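Chemist:
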Amino acid sequence: MRGFRWPPPPDSGPRTWGPGPGGPRTGRPALPEPDTDLVATPHGVQLERLITGTGDPVTVFAHGLGNGIATTRPFGSGVTGRKVFFQFRGHGRSEAPDGPWTYSDLARDLRAVADLGGASRAFGASLGAGALCRLLAESPDRFEKLVFFLPAVLDQPRGPAAGDRITDLLEAVESGDASVVADVVTLELPAAVRNTPAGWAYLRQRLDQLLRDGLAGSLASLADQTPLRATSDLAAVTAPALVIANAGDELHPVDVAERLAAALPQATLHVYDRPGVLWSERTDLRDRIAGFLNE
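Under the UniProt record's numbering, the first residue of the sequence shown carries the number 1, and numbering increases by one thereafter.
1. Just curious, the alpha helix (DSSP H) that Arg111 is in, first and last residue?
2. Could you tell me the distance, in whole angstroms, from the CA atom of Leu207 to the CA atom of Ala198?
3. Measuring alpha carbon to alpha carbon, tell me which residue in Pro34, Ala172 and Arg82 is nearest Asn294.
4. For Arg49, name the three-state secondary structure that DSSP assigns.
5. Looking only at its own chain, which residues have a Cβ that is under 7 Å from the Cβ of Asp155, when we skip the five neighbours before and after it?
6. Going by beta carbon distance, what residues of the same chain come within less than 8 Å of Asp98, once the five residues before and after it are set aside?
7. Would you check if the distance between the CB atom of Leu242 and the CB atom of Ala257 is smaller than 8 Å?
8. Counting along the chain, where does the alpha helix (DSSP H) carrying Leu203 start and finish?
9. Which residues in the same chain have their Cβ closer than 7 Å to the Cβ of Leu203, if we skip the five residues on either side of it in sequence?
10. Here's a check: name, in chain order, each residue in its chain whose Cβ is nearer than 7 Å to the Cβ of Gly118, leaving out the five neighbours to either side.
11. Check each candidate in Arg73, Phe85 and Asp56 and name the one with the smallest Cα separation from Val39.
12. May I have the straight-line CA-CA distance separating Pro172 from Leu116, to the nearest angstrom?
13. Decide if Pro240 is buried, meaning its Cβ has at least 16 other Cβ atoms within 10 Å, or exposed.
14. Quick one: what's got a C-beta closer than 7 Å to Pro21's C-beta in the same chain, skipping five residues either side?
15. Quick check on Gly27: does DSSP put it in helix, strand or coil?
16. On the DSSP letters alone, give me the boundaries of the alpha helix (DSSP H) that Ala172 sits inside.
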C-alpha cells in the first residue's frame with residue numbers, strides 16, 4: 001500500500017506518491033449528517049438524539065467511545081420500526097457534566113433515551129455494549145431483544161492498549177490539528193481500506209464530527225472501569241440476545257464476547273474470523289443484526 005497522507009486531494013481521490021498511477025479515483029463523499037435534536041433527560045443531562053423510521057417496535061442504538069450517531073446508523077439500516085440513535089455524554093452535541101464518569105452514568109443516559117423513545121429493543125457497540133450491560137444488571141427485564149457488537153469489557157478492566165488509544169484520541173482532538181486526529185482515526189480502518197475512496201469518506205466524516213464537536217476529557221476515566229461486578233449480574237436477563245465478535249481485534253477480544261454470551265441465559269454468539277468486519281462483512285453483518293431483531 002502506498003503512503004497514507006492528510007489532507008486528501010479535494011476530489012477524494014486519493015492520489016499516491018511516487019511513480020505509477022497518480023490520477024484521481026472516483027468515490028462518493030460521505031452523506032450529509034441529518035438534523036438532530038437535544039432532549040432533556042430526567043437526570044438533567046441534555047443528549048443529542050436522532051429518530052428514524054416509523055412504527056413499532058422501537059430500537060435504541062448505543063455507540064462506541066469516540067463514535068456517535070453517524071457511525072452507528074448503518075447497524076440499523078435493515079431494522080424495521082423506529083430507530084433511536086443518540087450521543088452519550090461528552091460526545092457530539094450532548095452535554096458533558098463534571099466528571100469523572102462511570103458506566104452507571106452511561107447506563108443512565110441509555111435508559112433515559114430508551115424510555116423517552118419507548119424502545120423495547122437495544123443495540124450496543126463497544127462502549128455502548130458496556131453501558132447496556134450495566135443497565136441490564138440494574139433492570140434485567142428492561143428490553144425484549146438485545147444485540148451486543150464487539151463488547152470490550154465486562155467485569156475485568158481493559159488492557160493498556162485500550163487506555164492508550166483513548167488517550168491518543170482525546171489528545172489529538174484537543175490539539176485541533178486535523179492531521180493529528182487523522183493519524184489516530186486511521187487506526188480504526190483495516191490497512192487495505194485506508195487508501196481507498198471508502199476509507200477517505202469515512203475519515204472525512206469522522207474528522208468533521210470530532211473537530212466540530214470535540215470529545216470530553218472525562219471519557220478517559222472509563223478506560224480503567226468495568227460495567228459489571230461479576231458476569232453473574234446478568235443471570236436474570238431472559239431476553240434473546242445476539243453477541244457479535246471479531247477475531248483478531250485487540251481492543252475487543254473474542255473472549256469478552258464469549259464470556260458475555262455465556263452469562264446471558266438466551267444468547268447466541270457469532271464470531272467473524274478476520275478483523276475489519278465493518279468493511280469485509282458489511283452486508284452479512286447488517287443482515288444478521290436485522291434478521292435477529294426483525295424475526
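For each residue, glycine too, the CB sits at the ideal point set by N, CA and C. These figures come from a predicted structure and were not determined experimentally.
Modeler: This is what the structure holds:
1. The continuous alpha helix (DSSP H) containing Arg111 extends over residues Tyr103 to Gly117.
2. When rounded, the separation of the alpha-carbon atoms in Leu207 and Ala198 is 14 Å.
3. Cα-wise, what sits closest to Asn294 is Arg82.
4. In the three-state DSSP reduction, Arg49 falls in the strand class (E or B).
5. If we look at Asp155 and ignore the five residues flanking it on each side, its Cβ neighbours are Thr226, Leu228, Arg229, Ala230 and Thr231.
6. These residues qualify, in order along the chain: Ser218.
7. Not a contact, by the Cβ cut-off of 8 Å.
8. Its alpha helix (DSSP H) spans residues Pro197 to Asp213.
9. Hits under 7 Å: Ala182, Val185 and Thr186.
10. If we look at Gly118 and ignore the five residues flanking it on each side, its Cβ neighbours are Val58.
11. Checked all of Arg73, Phe85 and Asp56; the closest Cα to Val39 is Phe85.
12. Reading off the sequence shown, one finds Ala at residue 172, where the question assumed Pro. Answer to the nearest angstrom: the Cα atoms are 34 Å apart.
13. Result: buried.
14. Bear in mind that a pLDDT of 34 at Pro21, under 50, signals an unreliable position, so the number given afterwards is only what the model happens to contain. Only residues of its own chain outside the window of five on either side were considered, and among them none has a CB closer than 7 Å to the CB of Pro21.
15. For Gly27, the predicted model reports a pLDDT of 40, less than 50, meaning its position is unreliable; a value from the coordinates is still stated below. DSSP, read as helix, strand or coil, puts Gly27 in coil.
16. Start and end: Pro160 to Ser175.
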